[in-house]
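Peer 1: Quick note: the sequence shown, position 335, residue 393 per our numbering, numbers continuous.
The beta carbon of each residue, even a glycine, is placed where N, CA and C say it ideally should be.
Quick one: this structure, given as structure tokens, is what I'll be asking you about.
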Amino acid sequence: MGHTHDHDHSLPAGGEAEQPVLDLSIPDSELSPAEVSRRGFLRSAGLLGAGTAAAATGAFAAPGVAMAHDHGPLGRSWAGRSRINTLLWLAGDHHIHTQHSSDAQYRVIDQVRHANAYGLDWMVITDHGSVAHAKIGVDKVNPDIVAARREIDDTLVFQGLEWNIPAAEHGTVFVHPGRNEVAVLKEFENTFDGTVKGAGDPTPANEALAISGINFLADAVTKRRVQDALFLANHPARKGIDSPHEIRGWRDANPRIAVGFEGAPGHQASGIAAPLGPGSGRGGYDNSPSAASFPQYPLESYRTWGGFDWMTATVGGLWDSLLAEGKPWWITANSDSHKVYLDNSKAGGGDFDTNGRYDDPVYAGSFASGNSDFWPGFYSRTHVGSADFTYASVMNGLRAGRVWVDHGGLIGGLDVRVRSAGSWVTLGDTLVVRRGAPVQLAVAIDLADGPNWAQFVPKLARVDVIRGAVTGPVKDRDVFAAPGTKVAKSFEVNQSTGRVTLTYDLGRADGPFYLRLRGTDGNRTAPGFLGAAVDPAGPAMDVLGSADPWTDLWFYTNPIWVVPNR
């Protein structure tokens with residue numbers, strides 16, 4: 059079953075990688091009998107073989123230094139997620155729950171059908187790590203995922219889980235589909251989940267267990283038990299228990315597995331004021347410090363800022379302190395969908411601990427205004443620059459940091475390049491230039507050209523360029539500030555339709571630096587957490603009980619680095 063949302067999965071001439079039968083990263087066991095037969099015919103005809111498989115794989119294609127691309131005209135027209143030069147920009151969500159989570163209710167196919175209808179190209183099913191899930195849930199959800207892959211053939215569906223990180227918060231862990239996906243996820247959860255192992259306290263031993271879990275995933279890839287695996291930390295500032303040194307520890311343990319964190323959490327409907335909504339903290343960020351919290355985090359870090367996590371939203375804050383080290387660490391946005399706002403179903407019955415799942419949801423006869431979530435793709439999206447429409451390419455794009463995120467369909471498309479002397483790179487890359495060479499930022503933005511799912515057309519009001527010096531590894535691994543990072547340039551957007559093109563001269567490269575972009579509808583801004591000299595008009599801290607997500611829309615990009623030759 060396909061979908062009809064208008065975006066382009068176009069591929070190079072002669073390529074049809076969107077068809078499962080031609081994607082050799084999907085094993086024969088997950089194809090229908092007719093697809094297996096067709097794949098066999100193509101193999102026998104010499105039309106499907108090692109060359110095709112090699113093009114579809116590429117695990118551990120680490121983000122590296124890009125010297126030059128084909129520097130044709132800046133961008134070209136695209137509709138939604140379409141091909142820009144050599145990349146497909148595919149929208150997705152890596153944090154989604156089903157009836158196999160103790161606090162959720164939907165079937166896998168419900169989440170996949172909705173994600174597909176709302177325009178997602180890829181998604182990850184991430185039911186909560188727990189004793190029941192580790193024992194039977196990982197096994198039980200897999201047939202539902204495999205069936206959904208067959209029914210919805212133009213949304214890639216990964217199997218993963220939400221890891222209770224030892225000594226810390228939650229994280230998404232997922233693997234490339236294959237015959238060992240269940241076995242590897244199950245072994246990982248039984249061996250390294252903080253709840254399963256009783257390892258939630260912030261002790262050195264539990265922190266070490268988390269590192270061992272990341273290394274286990276890397277080893278599973280090295281030994282080819284699975285083709286690929288990724289880990290991203292979820293809602294990192296929500297409870298204040300992901301300390302800066304833990305985040306650095308995850309990243310440094312294996313940067314090809316541990317690649318980033320949620321720049322914006324899910325649960326975005328939770329801030330809608332009662333009685334129309336839950337009347338809580340946007341993103342579920344309504345907490346206070348506990349004994350397990352990192353004591354240096356300020357009280358403001360326990361709230362979202364324009365719907366984004368404080369670690370990301372603060373210019374010169376924790377995320378920037380990571381980027382200033384010159385090491386990759388990416389942001390994403392997702393739904394964390396459990397129970398959907400204004401849905402008219404309720405959880406089914408059943409013994410979750412015994413069965414590893416609830417019964418199917420049932421019609422409730424009323425609309426659940428107290429639910430905190432949106433369907434995948436309805437509000438939050440993570441856009442990944444992918445070589446083609448395959449599982450492997452989406453994972454490689456995430457690892458490479460070719461990612462921008464948005465809320466509420468604020469913009470329709472984005473092309474960001476930093477260029478010098480005929481060479482250019484895009485998001486997640488590093489441009490190496492001659493010392494003293496002039497460097498320029500070039501941005502093309504397709505403005506929203508139709509109503510979003512709240513039935514209005516968002517208006518982009520401003521784009522900010524955030525720039526920081528690369529200062530190298532920190533001595534204090536608990537530092538969470540980058541004093542040299544600030545908003546370097548702001549562009550007011552004075553049109554409501556079509557394409558906006560922006561250029562900004564970055565000066566002559568005399569030292570390494572990075573930059574990232576942020577955009578807003580301008581409805582709700584305030585001086586940033588570190589003051590107006592650093593961020594004159596950043597996102598405002600969200601108000602508990604009154605934070606309508608649709609009236610405060612932002613997009614963020616991942617960074618680009620510039621490094622002059624010595």
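How is F246 classed by DSSP in three states: helix, strand or coil?
Peer 2: As a working mapping, residue 246 is identified with position 188 in the sequence shown. F246: helix per DSSP, three-state reduction.
Peer 1: Can you tell me where the beta strand (DSSP E) holding I183 begins and where it ends?
Peer 2: Residue numbering aside, residue 183 sits at position 125 when the sequence shown is read from its first letter. Looking at the DSSP string, the run of the beta strand (DSSP E) that includes I183 is 180 to 186.
Peer 1: According to DSSP, P622 sits in a beta bridge with which residue or residues?
Peer 2: On the sequence shown, residue 622 is found 564 positions in, with the first residue counted as 1. P622 pairs with V491.
Peer 1: When DSSP labels each residue in this structure, what does T609 get in the three-state scheme?
Peer 2: Sequence index remark: in the sequence shown, residue 609 carries index 551 (1-based). DSSP places T609 in helix when its eight states are reduced to three.
Peer 1: Between which two residues does the beta strand (DSSP E) harbouring Y572 extend?
Peer 2: Here residue 572 refers to the residue found at position 514 when the sequence shown is read from its first residue. 571 to 578 is the span of the beta strand (DSSP E), which, as asked, contains Y572.
Peer 1: Taking 7 Å as the limit between beta carbons, can you name the residues of its chain near E227, skipping five residues before and five after?
Peer 2: Taking the first residue of the sequence shown as position 1, residue 227 is located at position 169. Cβ within range, chain order: A291, N292, H293, P294, R296, K297, I299, D300.
Peer 1: Shortest alpha-carbon distance to R165 belongs to which of R525, V199, I194, G335?
Peer 2: The residue given as residue 165 occupies position 107 in the sequence shown. Selected option, being the one with the closest Cα: V199.
Peer 1: Quick one: is G252 buried, meaning 16 or more other Cβ sit within 10 Å of its Cβ, or exposed?
Peer 2: Mapped onto the sequence shown, residue 252 falls at position 194. So G252 ends up on the buried side.
Peer 1: Do E358 and M599 come within 9 Å of each other at the CB atom, strictly closer than that value?
Peer 2: Residue 599 sits at position 541 when you count from the first residue of the sequence shown. Residue 358 sits at position 300 when you count from the first residue of the sequence shown. Their beta carbons are under 9 Å apart, which means M599 touches E358 by this criterion.
Peer 1: With a Cβ-Cβ cutoff of 9 Å, do V497 and T615 count as a contact?
Peer 2: By 1-based counting over the sequence shown, the position of residue 497 is 439. By 1-based counting over the sequence shown, the position of residue 615 is 557. No; because the gap between Cβ atoms is not below 9 Å, this pair is not in contact.
Peer 1: Along the chain, where does the beta strand (DSSP E) that runs through K547 open and close?
Peer 2: Your numbering for residue 547 matches position 489 in the sequence shown. 544 to 550 is the span of the beta strand (DSSP E), which, as asked, contains K547.
Peer 1: Hey, out of T213, W377, K517, whose CA is closest to V317's CA?
Peer 2: Residue mapping note: residue 317 aligns to position 259 of the sequence shown, counting from 1. Ranking T213, W377, K517 by Cα distance to V317 puts W377 first.
Peer 1: Following the continuous beta strand (DSSP E) through Y562, name the residue where it begins and the one where it ends.
Peer 2: Stepping through the sequence shown from its first residue, residue 562 is reached at position 504. Looking at the DSSP string, the run of the beta strand (DSSP E) that includes Y562 is 557 to 566.
Peer 1: Going by DSSP, name the residue or residues bridged to I210.
Peer 2: Sequence index remark: in the sequence shown, residue 210 carries index 152 (1-based). According to DSSP, I210 bridges with nothing at all.
Peer 1: Which residue or residues does DSSP assign as beta-bridge partners of T583?
Peer 2: Residue numbering aside, residue 583 sits at position 525 when the sequence shown is read from its first letter. P597.
Peer 1: Sort D211, D344, A349, G256 by Cα distance to V601 and report the nearest one.
Peer 2: The sequence position of residue 601 within the sequence shown is 543, counting from 1. The residue with the shortest Cα to Cα distance from V601 is D344.
Peer 1: On the premise that L275 lies in contact with Y449, defined as a C-beta separation below 8 Å, what is that separation, rounded to the nearest angstrom?
Peer 2: The residue given as residue 449 occupies position 391 in the sequence shown. The residue given as residue 275 occupies position 217 in the sequence shown. So it is not a contact: roughly 16 Å between Cβ atoms.
Peer 1: Skipping 5 residues on each side, what residues in its chain have a beta carbon closer than 6 Å to that of W368?
Peer 2: Counted from its first residue, the sequence shown places residue 368 at position 310. Counting only Cβ-Cβ distances below 6 Å, and skipping sequence neighbours, we find A295, S359.
Peer 1: Where are the alpha helix (DSSP H) runs, 4 residues long or more, that stay fully inside the segment 339 to 413, in chain order?
Peer 2: You should have 368 to 371, 376 to 381, 410 to 413.
Peer 1: Can you tell me which residues form a DSSP beta bridge with Q217?
Peer 2: For the purposes of this step, residue 217 is taken as the residue at position 159 of the sequence shown. Note: Q217 sits in a beta bridge opposite I183, V233.
Peer 1: For K244, count neighbouring C-beta atoms within 10 Å of its own C-beta (all shown protein chains included) and say buried if the count is 16 or more, exposed if not.
Peer 2: Here the question's residue 244 lines up with position 186 in the sequence shown. K244 should be labelled buried.
Peer 1: Pull up the CB-CB distance for A519 and G467, whole angstroms please, since I reckon it's below 8 Å.
Peer 2: If you number the sequence shown from 1, residue 519 lands on position 461. If you number the sequence shown from 1, residue 467 lands on position 409. The Cβ separation is near 15 Å, so there is no contact.
Peer 1: If contact is defined by three or more beta carbon pairs under 8 Å, each pair taking one atom from either stretch, is the segment 420 to 429 in contact with the segment 184 to 200?
Peer 2: In short, these stretches do not touch, since the Cβ pair count stays below three.
Peer 1: Hey, could you find the ends of the alpha helix (DSSP H) D310 is sitting in?
Peer 2: Taking the sequence shown and counting its residues from 1, one reaches residue 310 at position 252. D310 -> alpha helix (DSSP H) spans 302 to 311.
Peer 1: Please state the DSSP three-state secondary structure of I437.
Peer 2: For this step, residue 437 is matched to residue 379 along the sequence shown. One point to set straight first is that residue 437 is Tyr, not Ile, in the sequence displayed. It is coil, neither helix nor strand.
Peer 1: For S346, which of A332, T362, L334 has the nearest alpha-carbon?
Peer 2: Along the sequence shown, one-based indexing puts residue 346 at 288. Looking at the Cα atoms, T362 is the closest of the given residues.
Peer 1: Less than 9 Å separating the beta-carbons of E499 and R475?
Peer 2: Here residue 499 corresponds to residue number 441 of the sequence shown, with the count starting at 1. Here residue 475 corresponds to residue number 417 of the sequence shown, with the count starting at 1. Per the sequence presented here, residue 499 reads as Leu, with Glu not at that position. Against a cut-off of 9 Å, the Cβ pair of R475 and L499 comes out as a contact.
Peer 1: Excluding five sequence neighbours on each side, which residues of the same chain lie with their C-beta closer than 6 Å to the C-beta of L611?
Peer 2: Residue mapping note: residue 611 aligns to position 553 of the sequence shown, counting from 1. Closer than 6 Å at the Cβ level, and outside the excluded window around L611, lie H465, G466, L468, P516, D579.
Peer 1: Using three-state DSSP, classify S451 as helix, strand or coil.
Peer 2: As a working note, residue 451 is residue 393 in the sequence shown. Reduced to three states, the DSSP call for S451 is helix.
Peer 1: Pick out whichever of L588, P531, L334 has its Cα sitting closest to the Cα of R309.
Peer 2: Translated into positions along the sequence shown, residue 309 becomes position 251. Residue P531 is the option with its Cα nearest to R309.
Peer 1: Please report the residue range of the beta strand (DSSP E) in which R171 lies.
Peer 2: In the sequence shown, counting from the first residue as 1, residue 171 sits at position 113. Here R171 belongs to no beta strand (DSSP E); instead the alpha helix (DSSP H) covers 166 to 175.
Peer 1: What does a CB cutoff of less than 7 Å around L334 pick up in its chain, not counting 5 residues either side in sequence?
Peer 2: If you number the sequence shown from 1, residue 334 lands on position 276. These residues qualify, in order along the chain: S427.
Peer 1: Helix, strand or coil for G318? Go by DSSP, reduced to three states.
Peer 2: On the sequence shown, residue 318 is found 260 positions in, with the first residue counted as 1. Reduced to three states, the DSSP call for G318 is strand.
Peer 1: Taking DSSP as the reference, what is the three-state secondary structure of R475?
Peer 2: As a first step, residue 475 must be located in the sequence shown, where it is residue number 417. R475: strand per DSSP, three-state reduction.
Peer 1: Pull the bridge partners of F289 from the DSSP assignment, please.
Peer 2: Within the sequence shown, residue 289 is the residue found at index 231, counting from 1. Beta-bridge pairing links F289 to V231, A316.
Peer 1: Measuring CB to CB, does A382 end up less than 9 Å from A527?
Peer 2: Position 324 of the sequence shown, counted from the first residue, corresponds to residue 382. Position 469 of the sequence shown, counted from the first residue, corresponds to residue 527. In contact: A382 and A527 (Cβ atoms closer than 9 Å).
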